[in-house]
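Numbering (my numbering), first residue to last: 323 to 590.
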């Protein structure tokens, strides 16, 4: 079974949570072939604030000026990636830190000009992931990508995880984040969604910002062959163990359910 796990930057900024997640990832059953993708938005915002640089976002995407791109390399591909790799190695996992730039793992094209150096993944070198996983290594991928001309792009970590999951033929894509799951219009956590449900939440303005980006990435993964995507609270005790064991937690997105009434969901 192939699993892509995306870890939100807020989780990685909490030492106890980081250690717990690293322990659970290291303890995944043999043959699971996990790939980890991580963000680092909280750390990035703090780094920029300390230097007097304002963070601006458009639809959940960070506007990336040359100054911000330099910070992206330092934080995403540097300190956050290596701290996560170190935590995994300490728990016995043979983790290897990468970015999308390495061996053209993930190539990107620039998005809208107003976003600056923000890219969208359009090609993945899945062979690199297969070589590493077949050799029992654990790829840990920072959300930075390049192109054939040597340009570097800041890439939304959710979209990076989705693109890798599709190219790697992953069975599951798990987003571990700092929220309990996806909320409906009434505020209650939705246990299941179809991609159509998720798109309704976005069009109705219920899912915005970071959750909008996450749901868009989840829909792309499911629509392109990933069986299911889970959005779950990464700080919940034993969350990854529970999900791998088949327990329900957070929100599961798949085509294999009857749609919930996302517009009229009431608080329980």
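Even for Gly, the Cβ is constructed at its ideal location relative to N, Cα and C. Note that this is a predicted model, so its numbers are computed, not measured.
Which of the three DSSP states is assigned to residue i in this structure?
| i | result |
| --- | --- |
| residue 578 | coil |
| residue 359 | strand |
| residue 569 | coil |
| residue 473 | coil |
| residue 386 | strand |
| residue 585 | At residue 585, the pLDDT of 48 sits below 50, so the modelled position is not reliable; the number obtained from the coordinates is stated separately. The answer is coil: DSSP assigns residue 585 none of H, G, I, E or B. |
| residue 408 | helix |
| residue 464 | strand |
Excluding the 5 residues flanking residue i on each side, which residues of the same chain have their C-beta closer than 6 Å to its C-beta?
| i | result |
| --- | --- |
| residue 284 | The chain is shown from 323 up to 590; residue 284 falls before or after that span and cannot be answered. |
| residue 426 | 447 |
| residue 403 | 419 and 464 |
| residue 468 | 423 and 474 |
| residue 532 | 382 |
| residue 493 | 323, 324 and 549 |
| residue 363 | 331 |
Starting from residue i, trace the alpha helix (DSSP H) in both directions and tell me its first and last residue.
| i | result |
| --- | --- |
| residue 517 | 517 to 525 |
| residue 549 | Segment: none, residue 549 is in no alpha helix (DSSP H) and carries neither H nor E. |
For residue i and residue j, which I take to be in contact (beta-carbon distance under 8 Å), what is that distance rounded to the nearest angstrom?
| i | j | result |
| --- | --- | --- |
| residue 548 | residue 487 | 5 Å |
| residue 575 | residue 528 | With a Cβ gap of about 15 Å, residue 575 and residue 528 do not count as contacting. |
| residue 391 | residue 476 | 6 Å |
Could you tell me the boundaries of the beta strand (DSSP E) in which residue i lies?
| i | result |
| --- | --- |
| residue 325 | 325 to 329 |
| residue 426 | It is not in any beta strand (DSSP E) - residue 426 carries neither H nor E in the DSSP assignment. |
| residue 440 | 440 to 446 |
| residue 593 | The question about residue 593 has no answer here: the residues shown for the chain are numbered 323 through 590. |
Just to confirm my understanding: we take residue i, look at its own chain, exclude 5 residues before and 5 after, and list those with CB closer than 8 Å. What are they?
| i | result |
| --- | --- |
| residue 466 | 394, 395, 398, 399, 421, 422, 423, 474, 475, 476 and 477 |
| residue 375 | 389, 390 and 393 |
Leaving out five residues on either side along the sequence, give the residues of the same chain with a beta carbon under 7 Å from the beta carbon of residue i.
| i | result |
| --- | --- |
| residue 458 | 416 |
| residue 338 | none |
| residue 378 | 385 |
message: For the structure I just gave you, are there three or more beta carbon pairs, one from the stretch 339 to 351 and one from the stretch 513 to 529, closer than 8 Å?
response: no
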